[in-house]
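To start, the structure itself, in structure tokens.
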Amino acid sequence: MTERLEAWLEGRHAGQFTRDADGRISFSYSDDAPSTPISLSLPREGTTTRAAAARFLDNLLPDQEHTRRRMAQAYGVASTGTFELLRTVGGDVAGGLVLLPDGEAPPTGLAQLNPALDRDVADRINSIKLDPDAWVPRQTPARFSLAGTQGKFALARVDRNWYWSNAAVPSTHIVKPARPEHLHFEEAEASALTLAAEAGLPAPRAAVLQMTDQTAFVVERFDRVFDDKTLFATRLHAEDLAQALGIDVARKYSVTAAQIVEKLRSIDATGGVVLAFLRQLAFNVLIGNADAHAKNYSVLLRPDAVSLAPIYDAVPTGLYPAFDQELAMRIAGAGFPQAVTQNHWRKLARSAGIDEEEVVALVEEVARGVAARNDTAWRTLDDDQATLLKETVERNVAVALARPCRA
Numbered sequence: 073m074t075e076r077l078e079a080w081l082e083g084r085h086a087g088q089f090t091r092d093a094d095g096r097i098s099f100s101y102s103d104d105a106p107s108t109p110i111s112l113s114l115p116r117e118g119t120t121t122r123a124a125a126a127r128f129l130d131n132l133l134p135d136q137e138h139t140r141r142r143m144a145q146a147y148g149v150a151s152t153g154t155f156e157l158l159r160t161v162g163g164d165v166a167g168g169l170v171l172l173p174d175g176e177a178p179p180t181g182l183a184q185l186n187p188a189l190d191r192d193v194a195d196r197i198n199s200i201k202l203d204p205d206a207w208v209p210r211q212t213p214a215r216f217s218l219a220g221t222q223g224k225f226a227l228a229r230v231d232r233n234w235y236w237s238n239a240a241v242p243s244t245h246i247v248k249p250a251r252p253e254h255l256h257f258e259e260a261e262a263s264a265l266t267l268a269a270e271a272g273l274p275a276p277r278a279a280v281l282q283m284t285d286q287t288a289f290v291v292e293r294f295d296r297v298f299d300d301k302t303l304f305a306t307r308l309h310a311e312d313l314a315q316a317l318g319i320d321v322a323r324k325y326s327v328t329a330a331q332i333v334e335k336l337r338s339i340d341a342t343g344g345v346v347l348a349f350l351r352q353l354a355f356n357v358l359i360g361n362a363d364a365h366a367k368n369y370s371v372l373l374r375p376d377a378v379s380l381a382p383i384y385d386a387v388p389t390g391l392y393p394a395f396d397q398e399l400a401m402r403i404a405g406a407g408f409p410q411a412v413t414q415n416h417w418r419k420l421a422r423s424a425g426i427d428e429e430e431v432v433a434l435v436e437e438v439a440r441g442v443a444a445r446n447d448t449a450w451r452t453l454d455d456d457q458a459t460l461l462k463e464t465v466e467r468n469v470a471v472a473l474a475r476p477c478r479a
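Residue numbers (this note's numbering): 73 to 479.
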């Protein structure tokens with residue numbers, strides 16, 4: 073039996089994902105599809121891999137199977153299959169897509185608003201802190217899907233109030249409760265994004281959300297935009313670089329910086345997207361974020377252009393020994409933040425076929441911007457953590473700015 077999942081984008085029917093009797097998933101654009109592509113791995117014209125459609129959808133869901141199982145139980149879905157889950161939660165996903173069951177269209181007219189009361193949000197935060205796989209409770213009105221491994225949920229901000237999101241009410245914020253053993257994790261992530269913005273990188277606004285007796289990291293979605301003429305936010309299309317490359321979520325740690333540069337160069341002749349990516353890569357190295365893998369970088373897709381999305385998931389993981397301290401994306405073989413020198417950036421530039429001096433100048437610019445604000449960036453952490461992080465960043469900045477000796 074053939075099954076279908078309707079894809080809507082920019083208010084128009086973009087096409088259908090189809091799963092055949094053998095479980096193979098494909099995508100076909102509709103005649104009325106907007107010119108914005110569903111994915112760089114699913115172009116309207118040209119070749120694509122057989123697995124690209126399935127991988128694109130899979131990357132919209134939580135990474136871990138046990139989290140998906142809990143999601144299926146909460147929504148009363150019989151299977152953790154991609155189609156089964158997205159038929160229920162695909163109305164509010166990353167990017168601009170609205171995914172709906174076969175034959176359905178996005179709701180029109182006045183949407184039904186489901187208030188997210190302070191106590192309900194606090195309970196959700198507490199539940200995830202106690203059980204990181206409990207992304208959604210049973211019998212919840214929320215209909216969303218978020219990728220990744222850390223427990224999180226989506227909320228919609230409408231007229232200064234919080235609501236649960238769905239196909240008609242786009243989420244505007246992502247809430248991520250930290251595990252209790254990761255002291256001040258929420259403050260560290262919010263501070264890192266603030267530092268990124270102050271250092272000149274596009275970054276979404278982030279803070280620590282207080283709901284009754286609970287706190288969590290909260291960030292504005294970069295794939296949503298507010299219009300004064302409308303009550304709800306508008307979805308902007310985006311995809312992470314695992315989706316853009318058409319790879320399986322299990323390979324997110326195997327993607328190299330050179331592979332990403334090659335992909336971005338193929339879609340942007342100006343080189344601007346590549347340089348924006350390298351700025352984010354440099355920032356993550358400088359703050360000691362070892363977990364910046366392919367799904368932690370994204371592109372915004374528009375009808376006539378592709379741009380790099382603002383930086384996100386920038387956590388100084390060096391504060392937390394339980395995390396792997398080896399860089400998810402090595403820089404020309406250098407595996408740890410403190411080991412990345414200008415020679416490594418030059419080698420990366422050469423391997424990617426881009427100007428060495430431009431890359432080094434870019435890294436130095438980011439390093440100076442970070443250094444200028446490092447003394448005050450971490451003031452919301454406790455004294456020991458703030459001191460450790462300031463010293464870590466100072467060391468990484470010094471390495472980044474050190475000019476190699478020339479014979």
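For each residue, glycine too, the CB sits at the ideal point set by N, CA and C.
Pair within 8 angstroms by beta-carbon distance, residue i and residue j
| i | j | result |
| --- | --- | --- |
| Gly-168 | Leu-308 | yes |
| Thr-221 | Asp-295 | no |
| Ala-336 | Val-431 | Per the sequence presented here, residue 336 reads as Leu, with Ala not at that position. No. Outside cutoff. |
| Ala-125 | Val-170 | no |
| Pro-274 | Pro-382 | yes |
| Val-346 | Ile-426 | yes |
| Glu-259 | Val-280 | yes |
| Phe-225 | Arg-196 | yes |
| Asp-320 | Lys-367 | no |
| Leu-77 | Arg-127 | no |
| Pro-106 | Arg-84 | yes |
| Val-230 | Phe-304 | yes |
Three-way DSSP call (helix, strand, coil) for residue i in this model
| i | result |
| --- | --- |
| Asn-233 | strand |
| Phe-349 | helix |
| Ser-151 | coil |
| Val-297 | strand |
| Leu-202 | helix |
| Phe-128 | helix |
| Gln-145 | helix |
| Arg-307 | strand |
| Ser-338 | helix |
| Glu-258 | helix |
| Ala-479 | Residue confidence for Ala-479 is low, a pLDDT of 44 falling below 50, so the modelled location carries little weight and cannot support an answer. |
| Gly-491 | Given a span of 73 to 479 for the chain in the structure shown, any question on residue 491 remains unanswerable. |
Member of the options whose CA lies at the smallest distance from the CA of residue i
| i | options | result |
| --- | --- | --- |
| Leu-358 | Glu-75, Leu-373 and Leu-461 | Leu-461 |
| His-365 | Pro-409, Ala-314 and Leu-372 | Ala-314 |
| Leu-132 | Phe-289, Gly-153, Arg-116 and Gln-145 | Gly-153 |
| Ile-97 | Gln-211, Asp-104 and Leu-114 | Leu-114 |
| Ala-250 | Ala-262, Val-161, Asp-104 and Thr-244 | Ala-262 |
| Glu-437 | Leu-399, Leu-353 and Glu-463 | Leu-353 |
Enclosing beta strand (DSSP E) for residue i [first to last residue]
| i | result |
| --- | --- |
| Gly-87 | 84-91 |
| Asp-312 | 310-312 |
| Val-247 | 245-248 |
| Arg-76 | 75-81 |
Residue range of the alpha helix (DSSP H) that includes residue i
| i | result |
| --- | --- |
| Tyr-101 | Segment 97-101 is the beta strand (DSSP E) holding Tyr-101; no alpha helix (DSSP H) there. |
| Trp-417 | 414-424 |
| Gln-457 | 455-473 |
CB-CB length for residue i against residue j, believed under 8 angstroms
| i | j | result |
| --- | --- | --- |
| Pro-476 | Gln-414 | 6 angstroms |
| Trp-234 | Pro-213 | Incorrect: roughly 12 angstroms between the Cβ atoms, too far for contact. |
| Ala-146 | Pro-209 | 6 angstroms |
| Lys-248 | Phe-289 | 5 angstroms |
Beta carbon proximity, residue i to chain B, threshold 8 angstroms
| i | result |
| --- | --- |
| Asp-454 | Considering every chain present, this structure includes no chain B. It has just one protein chain. |
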